[in-house]
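Working notes for the structure below.
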Amino acid sequence: MNLRCVECGKVLPPEMLYECDDCGGILEVIHPNGVETDGALQTSMWRYSKKLPVRSPDHIVSLYEGMTPMHRALRMEQSLSGFRGIVYIKDETTNPTGSFKDRLVSVAISRAQELGCNGIICASSGNAGASAAAYAAKVGLKAIIVAPSHTPIEKLTQISGYGATVVLIDGHYSHSYRFAERLAKEFNYVNVTTTYLNPYGTDGLKTVGYELYEQTGGEIPDYVFVPVGSGPLVKGVYQGFQEALRESGDARKGIPKIIAVQAAGCSPIVKAFYSGDMEVTAWDQPATIASGISDPLIGYEKDGTYTLRLIRESGGGAVSVTDHEIRNAMRILAQSEGVLAEPTGACSLAGFIKMQQNHRISQDSKVVCMVTGHGYKDFKVYREMSPVVHQLKSPDDTESIRQLLCLSPD
Ligand SMILES: [Zn+2]
42 MNLRCVECGK VLPPEMLYEC DDCGGILEVI HPNGVETDGA LQTSMWRYSK
92 KLPVRSPDHI VSLYEGMTPM HRALRMEQSL SGFRGIVYIK DETTNPTGSF
142 KDRLVSVAIS RAQELGCNGI ICASSGNAGA SAAAYAAKVG LKAIIVAPSH
192 TPIEKLTQIS GYGATVVLID GHYSHSYRFA ERLAKEFNYV NVTTTYLNPY
242 GTDGLKTVGY ELYEQTGGEI PDYVFVPVGS GPLVKGVYQG FQEALRESGD
292 ARKGIPKIIA VQAAGCSPIV KAFYSGDMEV TAWDQPATIA SGISDPLIGY
342 EKDGTYTLRL IRESGGGAVS VTDHEIRNAM RILAQSEGVL AEPTGACSLA
392 GFIKMQQNHR ISQDSKVVCM VTGHGYKDFK VYREMSPVVH QLKSPDDTES
442 IRQLLCLSPD
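Sequential numbering from 42 applies to the sequence shown in the working numbering.
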């Protein structure tokens, strides 16, 4: 196992490193040489442990993450005018702390244990922080979570519920990112921030690609829609598919086109994609209900640039969605498919619907939407979407219910 810079190709030893010492580039894991696992771990993403960068089974920290369900969204398919294809929901809300971040954090903390670790730090808009706090609790590590002051209260409650120290910083996510970096250096804690910063954590996300390959029975989807902040999940889908195809001798098939979905109020990668730019520039003032991807990338624009490169290499694209379109997708997911997603998690579906309605994808496409985080994590938006709760005046009042359901009297 080694680390390699995705920019200059320099190979570095598999230590706790966060960037290339020559060019400052993002690091990735190569030849991870993992271990065989058995028993209950086979029901989690650790069934791919041989491909993951943890060398001893004793160091694996797992709450049985991954191996999430993939549903066919039949009712929604039928409701889309002109659409003749197939839509799958990859439901990452069923992970132990309710988001896909558990995959990344499980690997990052396992590897941190292996390399020796005093404690962990995570800059987070909420989900990664909840994940880091839970996995740190599982092994008794100190955890400091740095989050923007406007982080949804449900996420902050979840994080402190796991016993982590929560530090709030005013301003957008990039302020939290920088403060966490500083703390990690000062305390000599491992930084498990879930941008591309921790190469071992990022490597854990490729398990999504393996699972999608298996769950589609080798029938490669045409498109995978991914909600994107800085974008490591794009790498996960890309790399997982690429490796699964290579290992199964299917390499001719080619990976799916990956579509990065960002909120219109914070879409630096989408902007660069449509401008034809090779590099992403930071976003000024993020403004969106999708707090999980409200990342202006200030100071680590290179993360966005790398994601942009992967999207183009996959033959895919990018789309931004308004808060109104996100709310609509949340409603459809919940009311047509039984999946309660937070705003960020529903962005993938919002992006798909937008591209389908604008005829930017073929009407017989096979599509996967990554639903990345649970609705429990951000209830404010659901509360504002006119909840239907009725208070009865009397316990005998069945007539009111009949009227509510628009049923005629017997
Ligand atoms: Zn480099």
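Every residue gets a Cβ at the ideal spot worked out from N, C-alpha and C, and that includes glycine.
Here the structure is a predicted model, which is why all the values come from computation and not from measurement.
Identify every residue that forms a DSSP beta bridge with residue i.
i: E69; result: R45
i: Q303; result: S361
i: C61; result: Paired residues: none, contrary to the question.
i: D244; result: In the DSSP output, where bridge partners are listed per residue, D244 has none listed.
i: A164; result: V187
i: V102; result: DSSP output for V102 lists no bridge partner at all.
i: D132; result: V412
i: K298; result: Y264
i: K407; result: I127
i: S140; result: G414
In whole angstroms, what is the alpha-carbon distance linking residue i and residue j?
i: A169; j: S449; result: 50 Å
i: L445; j: T363; result: 32 Å
i: L374; j: P54; result: 44 Å
i: G295; j: P262; result: 10 Å
i: S122; j: Q154; result: 51 Å
i: P240; j: E69; result: 5 Å
i: Y347; j: K276; result: 9 Å
i: V408; j: T257; result: 11 Å
i: Y59; j: R116; result: 44 Å
i: S217; j: P327; result: 14 Å
i: K51; j: G65; result: 11 Å
i: T385; j: P297; result: 22 Å
i: I310; j: R113; result: 29 Å
i: R293; j: S406; result: 19 Å
i: V453; j: L145; result: Nothing in the structure corresponds to residue 453, since the chain is present only between 42 and 451.
i: K183; j: S103; result: 17 Å
i: K142; j: S403; result: 31 Å
Would you mind sorting residue i into buried or exposed? The rule is 16 or more other CB atoms within 10 Å of its CB.
i: Y315; result: exposed
i: Q398; result: exposed
i: C49; result: exposed
i: N229; result: exposed
i: S97; result: exposed
i: K434; result: exposed
i: A149; result: buried
i: G340; result: exposed
i: S190; result: exposed
i: I194; result: exposed
i: V187; result: buried
i: H415; result: buried
i: Q303; result: buried
i: V412; result: buried
i: D437; result: exposed
i: I442; result: exposed
Can you look up residue i in the DSSP assignment and give me helix, strand or coil?
i: L445; result: helix
i: A188; result: strand
i: I150; result: helix
i: V429; result: coil
i: K51; result: coil
i: T206; result: strand
i: F282; result: helix
i: R113; result: strand
i: A174; result: helix
i: K434; result: coil
i: N369; result: helix
i: P384; result: helix
i: P268; result: strand
i: V231; result: strand
i: S217; result: helix
i: V76; result: coil
i: P309; result: helix
i: Y180; result: It should be noted that the sequence gives Val, not Tyr, for residue 180. Reduced to three states, the DSSP call for V180 is helix.
i: P327; result: coil
i: V249; result: helix
i: P193; result: coil
Nearest-residue set for ligand 1, Cβ under 5 Å from any heavy atom: Any residue whose Cβ sits closer than 5 Å to a heavy atom of ligand 1 makes the list: C46, E48, C49, K51, C61, D63, C64, G66.
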